Structure formats: C-alpha cells, structure tokens
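Student:
There are 2 protein chains.
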Amino acid sequence: MFLPSRLPLIQAPMAGAQGPALAAAVCRAGGLGSLPAALLTPALLREHVAAVRAATDAPFNVNFFCHVQPRRDEAVQARWAQALSPYAAEAGLGGTPAPRGPARTPFDAALCEVLEETRPAVVSFHFGLPPDDLLERVQRTGALVLSSATTVAEARWLQARGVDAIIAQGAEAGGHRGLFLSPDVGAQPGLFALLPQVVDAVHLPVVAAGAIADGRGIAAAFALGASAVQVGTAYLLTPEATTSDVHRAALRKATDDGTRLTNLFTGRPARSLVNRAIREMGPFSEWAPPFPLAAEAVAPLRAAFEKLGRGDFSSLWAGEAAALLREEAAEPLTRWLWEEARRVVDGLKL
Amino acid sequence: MFLPSRLPLIQAPMAGAQGPALAAAVCRAGGLGSLPAALLTPALLREHVAAVRAATDAPFNVNFFCHVQPRRDEAVQARWAQALSPYAAEAGLGGTPAPRGPARTPFDAALCEVLEETRPAVVSFHFGLPPDDLLERVQRTGALVLSSATTVAEARWLQARGVDAIIAQGAEAGGHRGLFLSPDVGAQPGLFALLPQVVDAVHLPVVAAGAIADGRGIAAAFALGASAVQVGTAYLLTPEATTSDVHRAALRKATDDGTRLTNLFTGRPARSLVNRAIREMGPFSEWAPPFPLAAEAVAPLRAAFEKLGRGDFSSLWAGEAAALLREEAAEPLTRWLWEEARRVVDGLKL
Numbered sequence: 548m549f550l551p552s553r554l555p556l557i558q559a560p561m562a563g564a565q566g567p568a569l570a571a572a573v574c575r576a577g578g579l580g581s582l583p584a585a586l587l588t589p590a591l592l593r594e595h596v597a598a599v600r601a602a603t604d605a606p607f608n609v610n611f612f613c614h615v616q617p618r619r620d621e622a623v624q625a626r627w628a629q630a631l632s633p634y635a636a637e638a639g640l641g642g643t644p645a646p647r648g649p650a651r652t653p654f655d656a657a658l659c660e661v662l663e664e665t666r667p668a669v670v671s672f673h674f675g676l677p678p679d680d681l682l683e684r685v686q687r688t689g690a691l692v693l694s695s696a697t698t699v700a701e702a703r704w705l706q707a708r709g710v711d712a713i714i715a716q717g718a719e720a721g722g723h724r725g726l727f728l729s730p731d732v733g734a735q736p737g738l739f740a741l742l743p744q745v746v747d748a749v750h751l752p753v754v755a756a757g758a759i760a761d762g763r764g765i766a767a768a769f770a771l772g773a774s775a776v777q778v779g780t781a782y783l784l785t786p787e788a789t790t791s792d793v794h795r796a797a798l799r800k801a802t803d804d805g806t807r808l809t810n811l812f813t814g815r816p817a818r819s820l821v822n823r824a825i826r827e828m829g830p831f832s833e834w835a836p837p838f839p840l841a842a843e844a845v846a847p848l849r850a851a852f853e854k855l856g857r858g859d860f861s862s863l864w865a866g867e868a869a870a871l872l873r874e875e876a877a878e879p880l881t882r883w884l885w886e887e888a889r890r891v892v893d894g895l896k897l
Numbered sequence: 548m549f550l551p552s553r554l555p556l557i558q559a560p561m562a563g564a565q566g567p568a569l570a571a572a573v574c575r576a577g578g579l580g581s582l583p584a585a586l587l588t589p590a591l592l593r594e595h596v597a598a599v600r601a602a603t604d605a606p607f608n609v610n611f612f613c614h615v616q617p618r619r620d621e622a623v624q625a626r627w628a629q630a631l632s633p634y635a636a637e638a639g640l641g642g643t644p645a646p647r648g649p650a651r652t653p654f655d656a657a658l659c660e661v662l663e664e665t666r667p668a669v670v671s672f673h674f675g676l677p678p679d680d681l682l683e684r685v686q687r688t689g690a691l692v693l694s695s696a697t698t699v700a701e702a703r704w705l706q707a708r709g710v711d712a713i714i715a716q717g718a719e720a721g722g723h724r725g726l727f728l729s730p731d732v733g734a735q736p737g738l739f740a741l742l743p744q745v746v747d748a749v750h751l752p753v754v755a756a757g758a759i760a761d762g763r764g765i766a767a768a769f770a771l772g773a774s775a776v777q778v779g780t781a782y783l784l785t786p787e788a789t790t791s792d793v794h795r796a797a798l799r800k801a802t803d804d805g806t807r808l809t810n811l812f813t814g815r816p817a818r819s820l821v822n823r824a825i826r827e828m829g830p831f832s833e834w835a836p837p838f839p840l841a842a843e844a845v846a847p848l849r850a851a852f853e854k855l856g857r858g859d860f861s862s863l864w865a866g867e868a869a870a871l872l873r874e875e876a877a878e879p880l881t882r883w884l885w886e887e888a889r890r891v892v893d894g895l896k897l
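Sequences listed follow chains A and B, in order. Using my numbering, read the first sequence as starting at 548 and increasing by one per residue. Using my numbering, read the second sequence as starting at 548 and increasing by one per residue.
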C-alpha cells in the first residue's frame, strides 16, 4: 500500500467544516485523516498539526490550495456587491462595509516552513501544484505528495511534475472542483468514466474521489482500478466535524438531484446543496469575481442569514451521494465504511 | 436473473447507429440485443424484428421514445434556421428548403400493434412512459417493461407506474438523457451517485447505464447494487453497428473530457463528442426548437458536411468512456466484456 495509513482510505480535507478533531479520529480508526490548511495562517496550521499529534501517533495529510491569487479589481468587487445588494438590504446590511472572513490563501513559503518544521507524512494539493521551488521543498521533507485531477490531461500533467499519487476527482464530488487546466465544467467526467481512464493513463497509484459514501462505493472504486479512496461528504455529519448547523440541516434533507456546481460562493466551480442563492441567481454568475474574491461580498450575507437560522448564502458543500450519509462518530464510521466495503467485495458474484 | 437473456447485459438501443445486425450479434453472445424503434415506421419495425428473428432464437428488446410531440411553430423553426444560416450558406444550402430526415416519433397505437403481433420479450422506453392505455397494451403482450431514470424521483415515478425494472442512466451516458420530470441537466447525478440511491429507493431490479465500456465498469456497477448493465457506446465501433464514418472517426480520437451535453442536434439534452457546432455555437442554444424539431434544420447541414467527410453538424453520440472502446465484432466483444468483468470480480481484494 502506497499510503502510510493502515487503510487505503483518505478522509477528504474540507476547509471550513473540519479541523484536527476529525482528522485525528479518522487516523485512530486506521484511515488517513486530513487537515485542510486553505483557511489557516502558518500559526494556526502549527496549532492544528500539534492538536492532531496530541491525539494520535498515526500519519496524516495536510492539504493546501495552490491557486494563483488574482489581482483585486475594485470595480469587479463593486459590481458583485451590487448584484448581491437586494439580499444585503433584506438582511439589513445595506451600506455597511463587508466584514471579511478568513481568506483562502494559496500555499506559500511561510506555510511551506511549517511543513519543513512539522513534517507530516502526506501533503495534498488542490488546483494543480505550487511553483517548482516550493514543490521541491515539500518533496525534500519526505512527504508523499498528492494532487487532484479532474481529467486525464490533468493527471498526466501532475505525473510529469513528480507527484506520488493522483486523486481522480469525479464530477460528483462535493466542494471545489480541483480543475486547473481548463475552466470548462461541461468537460468534467463522472467518476465512473474518469477513474479507469486515469488509471490507464498514468503509472501512479490513483485515489478515487466523488460520491463515495458507503461500502458499495469503495468496492466499486477498487473494481474500477483505484488504489485508495477519498471520502469527504460522508464525514460532514460526524460530531468531530465543525459543519455549521444550517449545513447539517441541509445535509439531512439531501437528495441525489439536490446539488449543483456553482461559482457563487467563492468564484470557482464547487458543488453545493441548492439553496436560495443558487435557486434565485442561478448556479453560475458572470459577475462573481475570480476565486477566492467572490467570497468577500458573500461572507456578511452568509453570516446574516445564518444568524436567522437560514443557509440562504452558505456554501453547503456536498457531493451527489449526500443522501447516503449516516450520523455516526468518525471512528466507528471509518470502521463501518471499510467493513461494508469488504462485505460487498466478498459478496460480489457474476 | 430478471432478464430473459443468458447474461445480465443489455446492448443499449442506439437509434440511427444500429439495427437488427448488432442486436442479433449481441443476442448470439448471450446478451440482450436491442432494436431502437425511435426512427422507424411500423412497417420498418416489423422488418427489423423479422431480421433479428431470422438471425437468432434468443429474446431481445425493442426500444421506443415516448416524448410528447410538440406543436410545430413555424416562427421558432425559422429562427433556428436563421441561427444556422451562416453554416447553411457555407455548405451551399442557402435558400433551398430543408430535406427532412426520418423523424423521431413517439410510441403510438400503430407501433403498439407491431408489439402485439410480434411479442418481443422485452420493451424499453426512454423519456418516461407512454400513456396508460398504451402501456397496459404493452404489458398485456407479456413483455418485460423497462424505462430509464436519471434521478431517484424518476425511478420512483416509474416504479409507481408498474415497470418491471429501472435503467439508472448516469450523467456519463451517451446520447439522449432520459430525463422526463425536470429539464435541469445540472441536477443529473453521475452513475456512482445515482445507482446506489436508486437501488435503495425502489424494490425493482436496477440496470446501470453510463460509461460502462469494459469489465471494470461492469464489476463496479454490480458492486454499487446493479442487477444488470446496459452498454451502448462500446458497441459503436463494431462492424455490425451502422455508425457513420465521421462518427467512427471521431470515436477513434475520443478523450475523457471530449463530450458535452448539448441540445443542438435534436432540441433535447444528449451527450455528443464535441464538434464544430458545439464548439462554435456552445452546447446549448436557446433558439433550438423543442425535441425533436431542432433536428429538421440540422439534417441538411449534417448531410452536406458529411459529404465533405466532416462531422461538423453530426450528432456524434458518445458516453464519457468512449476512449476505452475496442474495435471488435459484437459477439466476441460481448463475450470479452463479460469475461473481463468476471476476472475483475475474481481479482478484487480489500
């Protein structure tokens, strides 16, 4: 097995919905827990790493976004605020300057220093890879390096740059699409199509991601050629996750056809449960500033509506299998996932 | 096994790309061959059924579209012709009345009579089900009745109306989406998500469809709970298929990210390999008349460009796994599919 964990099962990093508690619990059950660092300062990342290590000796993963930070264009920001202004007025926010939430920042030298100090066993990236010099520094820490591919072309690109394994992210997956070579979401294959084609195209281990929420999905991923699976949405209802109340409430009512890819919440396509914003504005707005700047004007709206117990402007990240979720603690859930997968494989006959 | 064939493998009906030869060859290998009737008159359907029966004693499937034929609106047709007029001019078609190809017609009493006479073992529908009186007549022939669901809601609707099995059509599938309760293609789950949720929602056997082109896909579908698989695109390069030359050429260059859902060719969302029409007009046009009337103005363009050896306006139906295709005759291909699936299942270990 190419992963340092006992089970070939990665808990998908979910920035904003989890921290060390979930990662540590999954590690204790034998999976590879993940710390999402996209919303963390170097100081906070150090704290989160220490918190996992205080809870478990097992290896874990730290995940970073590695987008190129766009130049802020005040005219674009103002136009977006204008598009959202009817909702801001309804929420009583008209005229007040938007309080900024924690920003999604790309992997940089300061975060890299934390890796060099703390040396987690696995480091994964989303939206491609960091610049060569930073990538080399990560590799020199001895970490196993993973990144997401949403197409065969992206998988080949990642392999050529020296990653150790590829996460094949099917179109079903919740949260941000990892796409980085083309922004065309219409081109994104489902996991059933993507996974075997990535397996055929590269000589690296491939991790299957997207709509894997029970033993059937794990067994199917291995049948399609995966060497491991990455499971995210299935952990959102665990007590260890920091999933917000409105997000949990929406997940409990999820249906197979109740998610959409949307750029409304951050400026980049990501899969969310349908809420009022998506329903009324449509899932894609041409006025949304580039990632991650669309989130700025949304953050105060999100906060204002959440105070009313409503997820009207919350990014309700979820994959297409959210309706399969069980409400269980992360350790028994991880064990159940693996036992069910074994049961499915053992019972499979053609 | 709920199907009358030896193998739980249905050759997907592909109107315009196959007829009795492919259906009979799949039947001879133990699969359930299918005759697509969407483009056939009752007289032609009788001939096709007779041709299959002349070639094999095995049971087979006849497939019908059951859309509601829209009222023809000359203004809408003219606007669509106008949108296509630059291409018509380029192809030397300006001003000449469009020759109509064979029309896609919904299942009706005349076609039902052919079923009552010929009594095929299986009848499948796309776009829902025909009116109750016609459905009852089909059921009284003793045929096993199948229809496609693209969401759990559609699966439940079909079960409530008495179908014998449900085809869960993942978003990866080539050709027309079977959707009939909502036209929102953004809501369509991938097979990895759809299949287990449909299996959980109904008490009927579920047939998996979409991106199943080799043994891995078959094994994965059974792991996710399928009772059978439906395989379409994988048969498009067989010599028994009537796939056009431009379509075959495009399939040989297929990539995982090279298909799009489009309404350009018929007015209804369907998955095609990207060609010039999709690239230049975008995959969805608001000017396309309702299904199937968009095809009228496209047909002469398609013919004119195909004469030049180009598929610029051809509906190049293909699923997202088209790059996995093997060029082989339908009988050995069917046997290979099943043998590979067995091999994958036998080798699966967690």
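Ideal Cβ positions, reconstructed from N, Cα and C, are used throughout, including at glycine. Only a predicted model underlies this, so the values are computations on that prediction, with no experimental measurement involved.
In or out: S661 (chain B) buried (at least 16 other Cβ within 10 Å) or exposed?
Tutor: Ser is not the amino acid found at residue 661 (chain B); the sequence shown has Val there. Buried.
Student: So, T688 (chain A) versus L726 (chain A), is the Cβ gap smaller than 9 Å?
Tutor: Going by C-beta atoms, T688 (chain A) is not nearer than 9 Å to L726 (chain A).
Student: Run through DSSP, which three-state label would S616 (chain A) get?
Tutor: One detail in the question is off: residue 616 (chain A) reads as Gln in this sequence, not Ser. Of the three classes helix, strand and coil, the one that applies to Q616 (chain A) here is coil, per DSSP.
Student: Put H595 (chain A) into one of helix, strand or coil per three-state DSSP.
Tutor: helix
Student: Going by other Cβ atoms of all chains shown within 10 Å of its Cβ, with 16 needed for buried, is R829 (chain A) buried or exposed?
Tutor: The question names Arg, yet the displayed sequence has Gly at residue 829 (chain A). When all chains shown are included, G829 (chain A) counts as exposed.
Student: Enumerated in chain order, which unbroken segments of the beta strand (DSSP E) with a length of 3 residues or greater are wholly contained in the region 626–707 of chain A?
Tutor: Listed in chain order, they are 669–673, 691–696.
Student: According to DSSP, is T780 (chain B) part of a helix, a strand, or is it coil?
Tutor: Collapsing the DSSP output to three states places T780 (chain B) in a helix.
Student: Does any residue of chain B bring its CB to less than 9 Å from the CB of A770 (chain A)?
Tutor: yes
Student: Enumerate, from N- to C-terminal direction, the unbroken alpha helix (DSSP H) stretches of 4 or more residues contained entirely within the region 725–770 of chain B.
Tutor: The qualifying runs are 738–748, 762–770.
Student: Is the region 844–861 of chain A close to the region 855–865 of chain B, with three or more CB pairs under 8 Å?
Tutor: no
Student: Okay, do the region 756–775 of chain A and the region 548–568 of chain A touch, 3+ Cβ pairs below 8 Å being the bar?
Tutor: The region 756–775 of chain A, when compared against the region 548–568 of chain A, does touch it at the 8 Å Cβ threshold.
Student: With a cut-off of 8 Å, do at least 3 Cβ pairs link the region 746–759 of chain A to the region 715–722 of chain A?
Tutor: yes
Student: Just verifying my parser: in three-state terms, what is the DSSP assignment at Q565 (chain B)?
Tutor: coil
Student: Could you tell me the distance, in whole angstroms, from the CA atom of A628 (chain B) to the CA atom of A842 (chain B)?
Tutor: 11 Å
Student: Just confirm the distance between the C-beta atoms of R818 (chain A) and L808 (chain A), as a whole number of angstroms; I'd bet it's less than 8 Å.
Tutor: 5 Å
Student: Would a check of beta-carbon distances place W704 (chain B) closer than 9 Å to chain A?
Tutor: It does not: the Cβ of W704 (chain B) has no partner Cβ on chain A nearer than 9 Å.
Student: State buried or exposed for H794 (chain B), treating a residue as buried only when at least 16 other CB atoms are found within 10 Å of its CB.
Tutor: buried
Student: Can you list, in chain order, the residues of its chain with a C-beta nearer than 8 Å to that of D620 (chain A)? Leave out the 5 residues immediately preceding and following it.
Tutor: P836
Student: Skipping 5 residues on each side, what residues in its chain have a beta carbon closer than 7 Å to that of W834 (chain A)?
Tutor: R626, W627, A630
Student: Between F607 (chain B) and A576 (chain B), is the Cβ-Cβ spacing less than 9 Å?
Tutor: no
Student: Which residues in chain B have a C-beta closer than 8 Å to the C-beta of V891 (chain A)? List them in chain order.
Tutor: A770
Student: Looking at the ligand COA, does it come within less than 8 Å of N608 (chain B), judged from the CB to the closest heavy atom?
Tutor: Absence of the ligand COA from the depicted structure is noted, as is the absence of any ligand whatsoever, leaving it without description.
Student: Any beta carbon of chain A sitting closer than 9 Å to that of V753 (chain B)?
Tutor: Look at V753 (chain B): its C-beta is not under 9 Å from any C-beta on chain A.
Student: What's the call for E701 (chain B), buried or exposed, on a 16-neighbour Cβ count within 10 Å?
Tutor: buried
Student: Would you say A740 (chain A) and A868 (chain B) are within 9 Å of each other, going by their C-beta atoms?
Tutor: yes
Student: Closer than 6 Å by C-beta to S862 (chain A): which residues in its own chain qualify, once you throw out the five before and the five after it? Chain order, please.
Tutor: F812, S819
Student: Flag T802 (chain A) as yes if its beta-carbon sits less than 9 Å from any beta-carbon of chain B, otherwise no.
Tutor: yes
Student: Buried or exposed, going by whether 16 or more other CB atoms sit within 10 Å of the CB of E787 (chain A)?
Tutor: buried
Student: Any chance you could list the beta strand (DSSP E) runs of at least 3 consecutive residues sitting entirely within the region 813–862 of chain B, in chain order?
Tutor: 817–820
Student: Under 9 Å between beta-carbons, which chain B residues line up against D761 (chain A)? List them in chain order, please.
Tutor: By Cβ distance, chain B contributes P743.
Student: Is DSSP giving R553 (chain B) helix, strand or coil here?
Tutor: R553 (chain B): coil per DSSP, three-state reduction.
Student: Establish whether the CB of T790 (chain B) and some CB of chain A are separated by less than 9 Å.
Tutor: Interface flag for T790 (chain B) against chain A is unset, since no Cβ pair is found closer than 9 Å.
Student: Quick check: the Cα distance between Q735 (chain A) and D804 (chain B), rounded to an integer number of angstroms?
Tutor: 6 Å
Student: Hey, V670 (chain A) and A638 (chain A): beta-carbon distance below 9 Å or not?
Tutor: no
Student: Step through the CB atoms of chain B and report whether any lies within less than 9 Å of the CB of R807 (chain A).
Tutor: yes
Student: Could you spell out the range, first to last residue, of the beta strand (DSSP E) harbouring P879 (chain A)?
Tutor: Unbroken run through P879 (chain A) is the alpha helix (DSSP H), 877–894; no beta strand (DSSP E).
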